[in-house]
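In the working numbering, the protein residues as written are 2 to 77.
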């Protein structure tokens, strides 16, 4: 599941420090989604890629919400 804000910022480091409300809104959306979809109880992972070396391909900040299977470390 992708959680995408409407306001455009290329990466997390482009969000001004006074825009904590943007992150509050994103995490509130995640909370709603995991509860509504019934995935909160078993766990999930959130990923934000930022920049070329992270694998970011879309120049717009977004969260990847991963769930539905056991996840280990390193990811893969």
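All residues carry an ideal CB built from backbone N, CA and C; glycine is no exception.
Closest in alpha carbon position to residue 8, among 76, 40 and 60, is 60. The alpha-carbon of residue 13 is positioned some 6 Å away from that of residue 62. For residue 46, the pairing in a beta bridge is given by DSSP as 67. Residue 16 carries a coil assignment under DSSP once its states are collapsed to helix, strand and coil. Residue environment: residue 64 is assigned as buried (16 or more neighbouring CB atoms within 10 Å of its CB, all protein chains considered).
Residue 59 carries a coil assignment under DSSP once its states are collapsed to helix, strand and coil. Per the C-alpha coordinates, the member of 21, 56, 11 and 69 positioned closest to residue 39 is 69.
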